[in-house]
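K.L.:
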Amino acid sequence: MSQDVEAVSYISEDLLTPFLGGRSLKDVWNEYQAQGFVVFENIMPAHEISRVRDALFPYLTKTGRNDFEGFKSNRVYALLAKAPDVFSDMITHPLSLYFAERELGRSCLLSALLAINLHPGETVQPWHCDDQQIMIPRPRPTFGVSTFWTIDPMTAENGATEIIPGSHLWADDGNLNFKRDAELFDPKERGLDYDPVPHPDAVKAIMPAGSLMILKSSVFHRGGANKSGNPRLIITPQYCTGWSRQLENMAITVPREKVAKLPKRVRELIGYNIHDFFMGYVDGVHPDKALGL
120 MSQDVEAVSY ISEDLLTPFL GGRSLKDVWN EYQAQGFVVF ENIMPAHEIS RVRDALFPYL
180 TKTGRNDFEG FKSNRVYALL AKAPDVFSDM ITHPLSLYFA ERELGRSCLL SALLAINLHP
240 GETVQPWHCD DQQIMIPRPR PTFGVSTFWT IDPMTAENGA TEIIPGSHLW ADDGNLNFKR
300 DAELFDPKER GLDYDPVPHP DAVKAIMPAG SLMILKSSVF HRGGANKSGN PRLIITPQYC
360 TGWSRQLENM AITVPREKVA KLPKRVRELI GYNIHDFFMG YVDGVHPDKA LGL
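Read the sequence shown against the numbering used here and you will find it ends at 412, with the numbers running on by one and no gaps.
#1: Let me check understanding here. Comparing Cα to Cα, which of M254, L175, G293, E241 lies closest to D204?
#2: Considering only C-alpha positions, which residue in the set V316, L352, S215, F267 is nearest to L135?
#3: Output the distance between the C-alpha atoms of E367 and G348, rounded to the nearest integer angstrom.
#4: Alpha carbon to alpha carbon, what distance is there between F397 and R341?
#5: If the criterion is Cβ atoms closer than 8 Å, does the pair W97 and P258 meet it?
#6: Between the Cα of Q365 and the Cα atoms of V243, C227, R309, which residue gives the shortest distance?
#7: Work out the CA separation of I235 and V338 for me, nearest whole Å.
#8: What residue range is occupied by the uninterrupted beta strand (DSSP E) comprising I392?
#9: By Cβ distance below 7 Å, which residues in the same chain neighbour D123 in space, the five residues on each side in sequence not counted?
#10: Thinking C-beta only, is L232 closer than 8 Å to S192?
#11: Among all the DSSP beta bridges, which residues are the ones paired with M261?
#12: Which whole-angstrom value describes the C-beta separation of L311 and G240, a residue pair presumed to lie in contact below a C-beta threshold of 8 Å?
#13: Taking the runs of the alpha helix (DSSP H) that are 4 residues or longer, which of them lie wholly in the region 168 to 208?
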């Protein structure tokens, strides 16, 4: 949790029940707290998967610039600017918002929103956590929530995300040979079977298409190697506390004329909102007023 007192989500529990697969919300939350992640299978219908895939298709052109992005991967950023209707629905899904708000508070922000498409031959990523820019010693509170929507299935062969359960509770980096920017952004391409730091407790997030994984930002994870003959496409909306800096500069990413047409909750998530009493104001007033709303 990001605060001494657990935050409260404004998402009604009735909206979550259809996605819980018969589990209680209490059990799901306890699993998330203990393991650092939880998976919900088959919650995005086929027509919505097709809608997301169609929106992304024109942009799946450039491959990564370093080992972290993946030399055989497409990464597509600024998705809210490219297809606002499609990705507004995704980032405000009741499950995602429930976990983000309960973990981070109602003033949480959308920190990043990108597509990752691993092609055959892509190599394993370095281990990392998504809040590593916050330089507070471990174990630390959770400052972010990362979500992973599977547009293609994630399998053991096609590069399913690998996770070390419980690593959000570690007091250090767990001897992962963690080397910040030097390793994460290495410009050298590696061999398909190269694994610099295998970990005995790692698990693969194997999920059918249309599934959702929710992960604490302090959990160590990585993209797997794609040893299959097919690509593996996911979308990863990531949320952060209302006071921390977003990974993607949403104020510039989404043009103001598009922001004005977004639903209110989406505007709040990208930064058109106030944290606590006045953090986030524009010329002394709520940022919506800068949009003429």
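Glycine included, every Cβ here is placed at the ideal spot set by N, Cα and C.
Keep in mind the model is a prediction, meaning the values are calculated, not measured.
P.N.:
If we stick to the structure as given:
#1: L175
#2: S215
#3: 32 Å
#4: 37 Å
#5: No information on residue 97 is available, as it lies outside the stretch 120 to 412 that the chain covers here.
#6: C227
#7: 19 Å
#8: The amino acid at residue 392 is misidentified as Ile; the sequence shows Asn. Counting along the chain, N392 falls outside any beta strand (DSSP E), and DSSP gives it neither H nor E.
#9: With a pLDDT of 44 at D123, under the threshold of 50, the predicted position of this residue should be treated as unreliable, though the coordinate-derived value follows. Contacts found: none.
#10: no
#11: The sequence given here has Thr at residue 261, not Met. Per DSSP, none; premise fails for T261.
#12: 6 Å
#13: 198 to 201
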